[in-house]
Amino acid sequence: TDTILELQDVKKYFPIKAGLLQRNVGNVKAVDGINLSVRKGETIGLVGESGCGKSTTGRTIIRLYEPTEGKIIFKGQDITHMPESQLRRTIRKDIQMVFQDPFATLNPRKTIRSIIKEPLITHNLYSGKEREEKVRELMDVVGLNSSFINRYPHEFSGGQRQRIGIARALALNPELIIADEPVSALDVSIQAQVINLMEDLQEEFGLTYIFISHDLSVVRHISDRVGVMYLGKMMELAEKEDLYADPLHPYTQALLSAVPVPRKSNSIKRERIVLKGELPSPSNPPVGCVFHTRCPAATDICRQLVPEFKEVKTGHFVACHLYE
Ligand code: SF4
Ligand code: MG
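Note that the sequence shown covers residues 17 to 340 in the UniProt record's numbering.
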C-alpha cells in the first residue's frame, strides 16, 4: 500500500518561560516521539484524554507548528522544516484541517459564499463565474442547499456549520484531511450525519483522514486503524477490530473498559478499570514508562526504562514492558 504520510520520531516541545527576563525554564513535551505511517485512503483515529498531544500532532503535521525534532514526510517529500512560501505551493492545498467548533473558525461577518470562496482566492484558483460555480458545487457536495449562499454562520445549526467547515476544507481538493474533534460539539444524532458525510466524501474523493477524538465510540465507527496516545506518546496502534477486541496496553484496556458496550454488540463485557492518580504534567512526565504512575500492572522496570514501541502481532504495535 501507498504511504501518504510518515512521522519519524516527531517531537513538539513548547518552551515554558518565566520571570522578568522570560527565561526558558523547561518544556511542555506536547508530542514526544511519534512514529506513524499513514496509508493513502485510510482513516487513522487518534484517541486519548485531553492533553495527550493528539491535537498538537495534527497541527504539527499541517505545519502550523514546526517540529522540535524528528521528520515529517508527506508524499515522499520532507516537509519538516519547509518554509512557508514553499508550503503554500504544496501541502497547504493537499492537507486541510477541520476543527471542533466550526463557529469559532468561521468569520461571523462573512457569508457562506465568501467563507467557502476564501481558500480559492488565497490560492488563486478559478476566476469569477467558475469560482461561484465551485462554491455552489461544494455546498451541494456537503449537503447544503445553495439557496443558503448569502447567509451568515449564525443562521446555521451546529451540524450545518460543520458542513461549511468541511466544504471549505474540500475547496482545494486536498488529499489528507486532519479532523480535530469534528463532531464533539454536536448532538449525537447530528454526529452520525456528519460522520456519514465524511465517509461518503472519503469514498468519492479518495481522501485520507486523521480523525482526532477523545470519544472511542466515534473513533471506532469511522477508523480503519486506531492509535492511542498518552502524554505525548503513542501507546498502542492497531487495526480497529484488533484494537477493540484485543487491547494490549493497560491504558487502552482502561479506556475501553469505560466505554459503554452497545446492547446488540458481541463485544466482550469488560470490567471497569479505574485509573488511580492524576494525569501527570507534560512539562514533567514520569521517567521510564510515562504511564507507570497510573498503571495497575507497573513493575520496577517500568519506573526506569522507556518501553519500546514495537510490533508484537502483525500490524499491532504497543509500547509496554509486558510484551517484551
Ligand atoms: Fe504499565 Fe509498565 Fe506497561 Fe507502562 S510499561 S504500561 S507501566 S506495565
Ligand atoms: Mg473509512
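All residues carry an ideal CB built from backbone N, CA and C; glycine is no exception.
Here Ser-71 has Asp-196 and Ile-228 as same chain residues with Cβ atoms under 7 Å from its own Cβ, once five neighbours each way along the sequence are excluded. Our two residues, Thr-309 and Gly-64, have alpha carbons roughly 17 Å apart in a direct line. Rounded to whole angstroms, the Cβ separation of Thr-96 and Ile-107 is 11 Å, and the two are not in contact under 8 Å. Following the DSSP letters along the chain, one finds Ser-273 inside the alpha helix (DSSP H) bounded by residues 266 to 273.
With a contact defined as Cβ atoms closer than 8 Å, Val-235 and His-265 miss out at about 15 Å. By the neighbour-count definition (other C-beta atoms within 10 Å, threshold 16), Val-204 is an exposed residue. Asn-189 and Glu-153 have their alpha carbons spaced roughly 13 Å apart. In the three-state reduction of the DSSP assignment, Leu-291 falls in the coil class. As summarised for the stretch 88 to 154, the continuous beta strand (DSSP E) elements at least 3 residues long and confined to that stretch are 111 to 114, given in chain order. Under the Cβ criterion (8 Å, minimum of three pairs), the stretch 75 to 84 does not count as touching the stretch 246 to 261. Under the three-state reduction of DSSP output, Asn-40 falls in the strand class. For Ser-233, the enclosing alpha helix (DSSP H) starts and ends at 232 to 238.
Straight across, the Cα-Cα distance linking Gln-176 with Leu-160 is about 7 Å.
Taken from the Cβ of His-308, at least one heavy atom of the ligand SF4 lies inside 7 Å.
For Pro-118, the CB stays at least 7 Å from every heavy atom of the ligand SF4. Taking all protein chains shown into account, Arg-184 has 16 or more neighbouring C-beta atoms within 10 Å of its C-beta and is therefore buried.
Per the coordinates, the alpha-carbon of Val-303 lies some 6 Å from the alpha-carbon of Arg-319.
Under the three-state reduction of DSSP, Asp-48 is assigned to strand.
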